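The numbering used here numbers the first residue of the sequence shown as 2 and each following residue consecutively.
To keep things clear, I will list the structure first and then write my remarks on it.
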Amino acid sequence: MREQQSIRKQANIQGIMKDYTKKTLVELNANLNLVINSGKFQIITFEEFIAIALDAPRVVGIYPEIKNPVFINQQVKWPGGKKFEDKFVETLKKYGYKGSYMSKDWLRQPAFIQSFAPTSLIYISDLTDLPKIFLIDDVMIPTQDTNQVCLFLTVLLS
């Protein structure tokens, strides 16, 4: 923890990620890279991540996570009343990601969508037939959206 605080202080990081433009995040990342890993890694967008997979000389699947959807939906107001999950799935569809597990479409561009938020996965079930993975941490920690412990949810789902 002390090391993380020291790195944040050296890189002059304050606030949360949504408060920054990509340009600012790249600059902050450059500062962090000097401290952490000598500039080996860079911040990329979701679309840049997808481009890496699509530009590969062979089929490369992706395994993106719907990260903190409850928090993001509280912080960001999307046009037309959309949610973060809508934008996430729209981006996948824009680049041709579709199809149920092992379907012809899925085999061409495999993707699994993962999240620690079960209501987020349920919501996107009406938006895409791509496979969804419910991530579980400690079974006694409540989920961010239902406030139920994962142990209870896994019993319900089994």
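Where is the CB? At the ideal position from N, CA and C, for every residue including glycine.
Keep in mind that this is a model prediction, so the values were computed, not measured.
Contiguous beta strand (DSSP E) elements confined to the region 49-123 occur at 114-116, taking only those with 3 or more residues. Annotated as proximal: Ile134 and Gln115, with beta-carbon spacing under 8 angstroms. Beta-bridge pairing by DSSP links Phe153 to no other residue. Within the DSSP secondary-structure output, Lys133 pairs in a beta bridge with Ile114. Taking 8 angstroms as the upper bound for CB-CB distance, Asn69 and Lys84 are not in contact here, some 13 angstroms apart. Cα atoms of Lys99 and Ile123: separation of roughly 17 angstroms, rounded to the nearest angstrom. Rounded to whole angstroms, the gap between the alpha carbons of Asp20 and Thr46 is 15 angstroms. By the 16-neighbour rule on beta-carbons within 10 angstroms, Val77 is exposed. When the alpha-carbon of Thr129 is set against those of Phe117, Ser101 and Thr120, the nearest one is in Ser101. Pro119 counts as buried, since no fewer than 16 other beta carbons sit within 10 angstroms of its beta carbon.
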